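J.: From first to last, the protein sequence lines stand for chains A and B. If you read the first sequence in the working numbering, its first letter stands for residue 149, the second for the next number, and so on. If you read the second sequence in the working numbering, its first letter stands for residue 149, the second for the next number, and so on. The structure under discussion is supplied below as structure tokens; questions concerning it will follow.
Number of protein chains: 2
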Amino acid sequence: MDGLTIHQAAELTGWSPRMLRYLERGGLVDPERTPAGYRVFGPGELQRLRTLRELLEGFDCGLSDVAFAARLRRESDLRRSLESWLESEPERPQGVASEDWLGWEQRKHQALLAAT
Amino acid sequence: MDGLTIHQAAELTGWSPRMLRYLERGGLVDPERTPAGYRVFGPGELQRLRTLRELLEGFDCGLSDVAFAARLRRESDLRRSLESWLESEPERPQGVASEDWLGWEQRKHQALLAAT
DNA sequence: TAAACCTTGACACAAGCTTGGTAAGGTTTG
DNA sequence: CAAACCTTACCAAGCTTGTGTCAAGGTTTA
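Encoded structure:
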């Protein structure tokens with residue numbers, strides 16, 4: 149076998165084996181399988197798993213956000229509808245991005261921030 | 149006043165007043181205010197509220213998905229990172245979209261579908 | 001001033017997500 | 001065959017989301 153087992157991959161990527169299965173279930177990774185059904189993680193998978201982690205932490209978003217972004221790529225009608233809805237958003241003078249979106253994209257930190 | 153109160157807007161859009169406030173808190177709508185602080189919903193707001201409802205129901209996605217799409221429009225570095233991560237996804241032969249994403253984008257229906 | 005609105009804030013609760021653990025069973029290898 | 005892996009399928013704890021309701025208080029208008 150020229151790939152890693154799920155525990156080895158977990159070790160190297162920082163995800164738990166449990167989470168690797170969870171991520172697969174969500175379609176965010178898709179390792180090969182041995183004939184017996186064992187997952188085999190290749191270098192590509194490892195890289196994407198690490199990058200995914202960086203993405204989530206660096207931008208503070210969730211798995212479902214990444215999943216939705218992927219869905220946007222696939223479903224052009226959804227993409228278009230969403231695009232046109234967002235387009236119709238009235239232009240707010242400025243300084244939109246700070247208060248509003250706390251609590252939607254970063255709600256997790258709300259308590260922490262408020263506790264200072 | 150040439151706009152509607154929150155209860156009137158709720159009546160006409162199918163959202164509850166509670167939800168209109170919730171949507172505003174999330175930045176998905178942004179009605180004007182009277183000097184005293186009362187929300188004033190114009191025709192544009194009403195239209196977008198109805199369209200939003202159609203979006204959510206028609207494509208079976210959530211408020212946070214729409215919020216994230218909006219965030220994608222604003223944050224180009226997030227957009228690029230996500231784009232390149234998704235780009236690196238290994239090409240799966242076909243038939244990707246059915247099983248995987250149930251449970252991420254449409255997990256709500258899982259129980260229903262399974263119950264048939 | 002009293003009725004009928006509106007405001008923000010809090011409490012509450014069901015449903016879903018994230019994550020771990022554990023059980024029952026197959027595979028590989030010494 | 002036994003140890004040490006792997007698999008799927010459940011149960012569960014804790015947090016987030018979506019939604020209602022209620023309280024305390026300001027505004028408008030008759």
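Every residue, glycine too, gets a C-beta built ideally from N, C-alpha and C. On a predicted model such as this, the values are computed, not experimentally measured, just so you know.
#1: Considering only the beta carbon of each residue, do B/Leu211 and B/Leu220 sit closer than 8 angstroms?
#2: Assuming B/Gly151 contacts B/Gly190 (C-beta within less than 8 angstroms), just tell me the rounded distance between them.
#3: So for B/Leu176, helix, strand or coil by DSSP?
#4: Taking only runs of the alpha helix (DSSP H) that begin and end inside the region 171-226 of chain A, which ones reach a length of at least 4 residues, in chain order?
#5: Could you tell me the alpha carbon to alpha carbon distance between A/Ser236 and B/Arg222, rounded to whole angstroms?
#6: Below 8 angstroms on C-beta distance, what does A/Arg181 contact in chain B?
#7: In the DSSP assignment, what are the bridge partners of A/Leu152?
#8: Helix, strand or coil: which one does DSSP assign to A/Glu231?
#9: Give me, in chain order, the residues of the same chain whose beta-carbon lies closer than 8 angstroms to that of A/Thr153; leave out the 5 immediate sequence neighbours on both sides.
#10: Just checking, does the region 192-208 of chain B make contact with the region 157-164 of chain B on the three C-beta pairs under 8 angstroms criterion?
T.: Looking at the coordinates:
#1: Residue 211 of chain B sits at position 63 when you count from the first residue of the second sequence. Residue 220 of chain B sits at position 72 when you count from the first residue of the second sequence. It is not a contact, given that the beta carbons lie outside the stated cut-off.
#2: Within the second sequence, the letter at position 3 stands for residue 151 of chain B. Within the second sequence, the letter at position 42 stands for residue 190 of chain B. Indeed they touch by this definition, with Cβ atoms about 5 angstroms apart.
#3: The sequence position of residue 176 of chain B within the second sequence is 28, counting from 1. B/Leu176 falls in the coil class under three-state DSSP.
#4: 191-207, 211-222
#5: Counting from 1 along the first sequence, the entry for residue 236 of chain A is found at position 88. Counting from 1 along the second sequence, the entry for residue 222 of chain B is found at position 74. Looking at the two C-alpha atoms, the distance is approximately 15 angstroms.
#6: Locating residue 181 of chain A in the first sequence gives position 33, counting from the first residue. The contacting residues do not exist; A/Arg181 stays about 13 angstroms from chain B at best.
#7: As a first step, residue 152 of chain A must be located in the first sequence, where it is residue number 4. Bridge partners of A/Leu152: A/Phe189.
#8: Within the first sequence, residue 231 of chain A is the residue found at index 83, counting from 1. Helix.
#9: For this step, residue 153 of chain A is matched to residue 5 along the first sequence. Cβ neighbours of A/Thr153 beyond the five flanking positions: Tyr186, Arg187, Val188, Phe189.
#10: yes
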